[in-house]
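Student: My questions all concern the structure below.
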């Protein structure tokens with residue numbers, strides 16, 4: 010016979026598979042109520058659930074209305090000396106337990122399973138024993154403290170919680186001023202729309218003469234505010250209000266608030282401890298940060314995968330790097346990129362220093378490209394292996410940072426340096442090209458006396474392929490975060506959703522949680 014469902018009044022608990030075990034271990038004694046009604050811990054949990062929106066979660070998802078109604082009813086019955094039915098107290102206890110388990114699960118691992126909505130998300134979060142957490146809360150008689158430990162302990166999550174409060178307050182005040190459409194605005198311009206721009210960026214008029222009206226003048230102070238806004242929104246930093254900057258200025262506060270909530274959910278998906286030393290790559294920000302003891306040691310621009318060849322979200326452990334690497338061109342790139350180039354230009358392989366091998370086997374025979382009828386080969390039939398030799402043309406550049414993974418995605422140098430000047434840098438086939446490879450290599454090898462900066466530079470100036478091993482492996486965390494708070498704890502940064510992942514996440518957050 011299958012396990013019976015537990016029903017509390019008109020509500021179905023979400024953790025119906027867990028509740029029987031929890032209560033059986035308590036010999037079916039209530040956890041939150043007594044014959045005199047709900048105890049202090051019940052009130053603690055109720056207050057924590059009522060404040061769930063501080064974490065970007067919906068309080069009503071945790072039986073809030075039903076719990077509140079039962080607490081009011083039992084209190085009224087007690088104050089009027091009416092007998093409280095045991096079934097009502099049992100319902101309240103079950104719902105409180107279920108609410109704790111569900112709320113705790115959402116705080117520690119997220120409201121949504123990322124793998125169900127994002128095909129490119131492969132980071133596994135940590136395991137939490139929620140029943141043990143519940144027992145601890147009851148034993149310590151401190152629900153709030155235990156729930157707080159379940160939250161992500163990253164400073165980035167706490168900072169977004171603070172931003173959520175500030176943006177909620179802004180929305181309650183009616184949002185911010187919209188800057189009307191029109192021609193580009195730049196320093197020195199006079200335009201009636203400048204007054205709206207000042208109000209939007211909270212830049213007061215600074216006039217040396219009280220008789221002169223300069224509210225419509227785009228002055229130096231306003232330009233500085235525009236520059237700061239552009240930095241925070243990943244725009245071209247030119248101090249001019251063009252179409253892209255105007256569009257970002259006029260995003261509604263409701264949409265920014267939602268963006269903050271979505272990224273708090275993404276933080277809940279991530280491991281709660283990255284370690285003392287790690288590389289953090291934010292795909293949406295096109296940036297790599299080298300972190301040690303919560304301090305950013307090094308940062309640089311990166312180039313990530315195109316929209317149709319997305320860089321996956323995952324983590325790994327970097328153990329070594331290759332200097333002057335060979336590029337073993339992945340089959341998909343060979344079929345979609347290399348073959349069309351060969352068919353357009355018979356000298357393409359020779360120009361790019363790419364060799365052709367009969368198969369992907371270790372000792373495969375090298376072939377003469379001129380002996381192959383390339384025009385007769387379709388992408389589906391292409392089975393050759395292409396290898397690009399080390400050198401200035403190599404697509405991996407002179408350095409390749411290795412953290413083995415099933416996606417064959419790595420951090421590497423690139424000869425195509427011009428792409429780094431763009432504000433939005435999704436140009437690769439999935440791998441991560443970095444702006445400062447030598448600086449990163451020098452930092453990672455600082456504990457290895459064999460590899461000084463001089464040795465690194467001399468080696469990559471040659472053509473010999475060499476391996477440089479890290480004394481200690483380092484964690485690599487590749488994430489997708491479109492809103493975060495700067496190190497100052499106040500300035501919120503927003504980025505475009507380059508891989509269109511925000512909308513499906515928002516829809517998933519609106520759905521009813523699955524029953525466990």
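Residue numbers (my numbering): 10 to 525. Using N, Cα and C, we set each Cβ at its ideal position, and we do this for glycine too. Note that the coordinates shown come from a computational prediction; the quantities given were computed from them, not determined experimentally.
Please report the distance separating the alpha-carbon of residue 258 from that of residue 238.
Tutor: Rounded to the nearest angstrom, the two C-alpha atoms are 8 angstroms apart.
Student: In angstroms, rounded to a whole number, what distance separates the CA positions of residue 11 and residue 37?
Tutor: For residue 11, the predicted structure reports a pLDDT of 45, less than 50, and the residue's modelled location is therefore unreliable. The matter cannot be settled from this model.
Student: Starting from the N-terminal side, write out each stretch of the beta strand (DSSP E) that is 3 residues or longer and does not extend beyond the region 61–117.
Tutor: With a minimum length of 3 residues, no continuous beta strand (DSSP E) run stays inside the region 61–117.
Student: Can you tell me which of the three DSSP states residue 387 falls into?
Tutor: Coil, per DSSP.
Student: Could you tell me the alpha carbon to alpha carbon distance between residue 269 and residue 158, rounded to whole angstroms?
Tutor: Distance between the alpha carbons of residue 269 and residue 158: 21 angstroms.
Student: At what residue ranges does the region 212–288 contain a whole run of the alpha helix (DSSP H), taking only runs of 4 or more?
Tutor: Here the runs fully enclosed are 229–241, 252–258, 262–278.
Student: With a CB to CB cut of under 7 angstroms and the five nearest residues on each side skipped, what residues in its chain are close to residue 32?
Tutor: Closer than 7 angstroms at the Cβ level, and outside the excluded window around residue 32, lies no residue.
Student: Is DSSP giving residue 502 helix, strand or coil here?
Tutor: Here residue 502 sits in strand by DSSP.
Student: Give the list of continuous alpha helix (DSSP H) stretches no shorter than 4 residues that lie fully inside the region 347–403.
Tutor: The region 347–403 contains these whole alpha helix (DSSP H) runs: 348–353, 357–360.
Student: Taking buried to mean at least 16 other C-beta atoms within 10 Å of its own C-beta, is residue 388 buried or exposed?
Tutor: Counting Cβ neighbours within 10 Å, residue 388 comes out exposed, since fewer than 16 surround it.
Student: Hey, is the region 467–480 in contact with the region 326–343, meaning 3+ C-beta pairs nearer than 8 angstroms?
Tutor: Yes: at least three Cβ pairs fall under 8 angstroms.
Student: Using a Cβ-Cβ cutoff of less than 8 angstroms, which residues in the same chain neighbour residue 229 once the five nearest sequence positions on both sides are dropped?
Tutor: Here the set comprises 196.
Student: Name the two residues that bound the continuous beta strand (DSSP E) containing residue 509.
Tutor: Segment: none, residue 509 is in no beta strand (DSSP E) and carries neither H nor E.
Student: By alpha-carbon positions, which one of 54, 462, 453 ends up nearest to residue 329?
Tutor: Considering only alpha carbons, the answer is 453.
Student: How about residue 486 and residue 166: are their beta carbons less than 8 angstroms apart?
Tutor: Cβ atoms of residue 486 and residue 166: not closer than 8 angstroms.
Student: What are the boundary residues of the alpha helix (DSSP H) that residue 58 is part of?
Tutor: Per DSSP, residue 58 belongs to the alpha helix (DSSP H) from 49–59.
Student: I want to know whether the region 273–280 touches the region 247–261 - three or more CB-CB distances under 8 angstroms.
Tutor: Contact fails: fewer than three Cβ-Cβ distances are below 8 angstroms.
Student: Alpha carbon to alpha carbon, what distance is there between residue 243 and residue 236?
Tutor: About 11 angstroms.
Student: Check for me: the beta strand (DSSP E) holding residue 314 runs from which residue to which?
Tutor: Start and end: 304–314.
Student: Output yes or no for whether 8 angstroms exceeds the beta carbon distance between residue 460 and residue 432.
Tutor: In this structure, residue 432 does not lie closer than 8 angstroms to residue 460 by Cβ.
Student: If we count the other Cβ atoms within 10 Å of its Cβ and call it buried at 16 or more, is residue 397 buried or exposed?
Tutor: By the 10 Å Cβ count, residue 397 comes out buried.
Student: CA-CA distance, residue 123 and residue 384?
Tutor: Rounded to the nearest angstrom, the two C-alpha atoms are 43 angstroms apart.
Student: Short check: CB of residue 281 to CB of residue 136, under 8 angstroms?
Tutor: Result no, Cβ atoms of residue 281 and residue 136 do not sit closer than 8 angstroms.
Student: For the alpha helix (DSSP H) containing residue 297, list its first residue and its last residue.
Tutor: From DSSP, residue 297 is part of no alpha helix (DSSP H) but of the beta strand (DSSP E) over 296–301.
Student: Excluding the five sequence neighbours on either side, which residues of its own chain have a C-beta within less than 6 angstroms of the C-beta of residue 80, listed in chain order?
Tutor: Answer for residue 80: 47, listed in chain order.
Student: Which residue's Cα is closest to the Cα of residue 438: 26, 451, 340?
Tutor: Among 26, 451, 340, the Cα nearest to that of residue 438 belongs to 340.
Student: In the DSSP assignment, what are the bridge partners of residue 131?
Tutor: Bridge partners of residue 131: none, in fact.
Student: Can you check the region 135–178 for any alpha helix (DSSP H) of at least 4 residues that lies completely inside it and give the ranges in chain order?
Tutor: Within the region 135–178, the complete alpha helix (DSSP H) runs of at least 4 residues are 139–149, 152–159.
Student: With DSSP as the reference, label residue 335 as helix, strand or coil.
Tutor: Note: residue 335 maps to coil in three-state DSSP.
Student: Please return the same chain residues whose Cβ sits closer than 6 angstroms to the Cβ of residue 13, not counting the five positions on each side in sequence.
Tutor: Bear in mind that the predicted position of residue 13 carries a pLDDT of just 48, short of 50, making it unreliable; the figure below should be weighed with that in mind. Counting only Cβ-Cβ distances below 6 angstroms, and skipping sequence neighbours, we find nothing.
Student: In the DSSP assignment, find the alpha helix (DSSP H) that holds residue 203 and state where it starts and stops.
Tutor: Unbroken alpha helix (DSSP H) run through residue 203: 202–210.
Student: Throw me the rounded Cβ distance for the residue 109 and residue 61 pair, which I believe falls under 8 angstroms.
Tutor: Contact flag wrong, Cβ pair sits at about 12 angstroms.
Student: Enumerate in chain order the residues of its own chain whose CB-to-CB distance from residue 156 is below 6 angstroms, with the five nearest sequence positions on each side excluded.
Tutor: Cβ within range, chain order: 57.
Student: CB residue 186 to CB residue 208, shorter than 8 angstroms?
Tutor: Yes, the Cβ-Cβ distance between residue 186 and residue 208 is below 8 angstroms.
Student: Going by the DSSP bridge assignment, what does residue 476 pair with across the sheet?
Tutor: Note: residue 476 sits in a beta bridge opposite 331.
Student: In three-state terms, what does DSSP make of residue 529?
Tutor: Residue 529 falls outside the range modelled here, since the chain spans only 10 to 525, and no answer is possible.
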